[in-house]
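Structure first, then comments.
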Amino acid sequence: DDEPTLSINDVSYTESGSAGNATFTVTLSAVSGQDTKVVYNVPSGTATSGDDFTATSGILTILAGNLTGTISVPVLNDNLNEVDETATVTLSSPTGATISDGTGTLTITNDDNEPSLSINDVSYTESGSAGNATFTVTLSAASSKVVTVNYASSNATAAAGSDYTAASGTVTILAGNTTQTFNVPVLVDTLDEVSETATLTLSNASNATISDATGTLTVVDDDDEPTLSINDVSY
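For what it's worth, my numbering labels the leading residue of the sequence shown as 1, then goes sequentially.
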């Protein structure tokens, strides 16, 4: 009788808030009258050993008369929103059998929600010359994905072109980071006036939601009050 063949299945494991084991099944094509052994190894793939799972290797023994044996791969948990990642279980050097399917794929399915974006308020005091008001866009948690969001200014009591320069663009927060800044140019005048405001609005977020979409720019006047005088008149 020919030696039976060995095959291994694929396993999908969903993170569930705590570490656990992904269990692979190695199957013989037919029962054997002798013990069957095979070497297995689990190196990194798009999933990283030490971060996403624990690298595992060893020898699996399927006792005579049995058809299957199992291999457990410890899966680690994290709080990153990320794409699904994979690692491969590889079978080699069998004894008492040949290998028909020597690779099994471990797919680690992400269970973390997308983080949320918020923008701060900024107060800028005129200082005699033009400058920049710096806004910070913040993620509620780090992500393994690149996060982008658009921003645009709009007038409130401050007017673009006289109190500030209209600003718009895209903020990019790289994977692993939680903040990114952008500037709004503030103009200077010599008028004594009340503090004025403009609004910065976030929209069209990618790989994140938006929890606080509006930041307020307050331009604080630094000009002294003018003085009043009256003339003398001879009639």
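Every residue, glycine too, gets a C-beta built ideally from N, C-alpha and C.
Annotated three-state conformation of residue 225 is coil, per DSSP. Between the region 118 to 135 and the region 179 to 190, the count of Cβ pairs shorter than 8 Å is three or higher; the stretches touch.
Sixteen is the threshold: since fewer than 16 other Cβ atoms of the shown chains lie within 10 Å of the Cβ of residue 225, the residue is exposed. Here the alpha carbon of residue 204 sits roughly 25 Å from the alpha carbon of residue 218. In the three-state reduction of the DSSP assignment, residue 9 falls in the coil class, being assigned neither a helical nor a strand state. Residue environment for residue 230: exposed (fewer than 16 other C-beta atoms within 10 angstroms of its C-beta).
Pairing residue 6 with residue 91 gives a Cβ-Cβ distance under 9 Å. Contact check for residue 117 against residue 202 passes: the beta carbons are separated by less than 9 Å. A direct Cα-Cα distance of roughly 14 Å separates residue 87 from residue 8. Nearest to residue 67 by C-alpha distance, out of 184, 119 and 32, is 32. Between the alpha carbons of residue 149 and residue 26 lies a distance of about 46 Å. Note that the C-beta distance between residue 198 and residue 160 is below 9 Å. Pairing residue 120 with residue 136 gives a Cβ-Cβ distance under 9 Å.
Put simply, the backbone Cα of residue 170 is about 33 Å away from that of residue 14. When DSSP states are grouped into helix, strand and coil, residue 85 belongs to the strand group. Contact annotation, residue 42 with residue 89: C-beta distance approximately 5 Å; criterion of less than 8 Å satisfied. Our two residues, residue 16 and residue 113, have alpha carbons roughly 12 Å apart in a direct line. Residues of the same chain with a CB within less than 8 Å of the CB of residue 100, apart from the 5 flanking positions on each side, are 5, 6, 7 and 29 in chain order.
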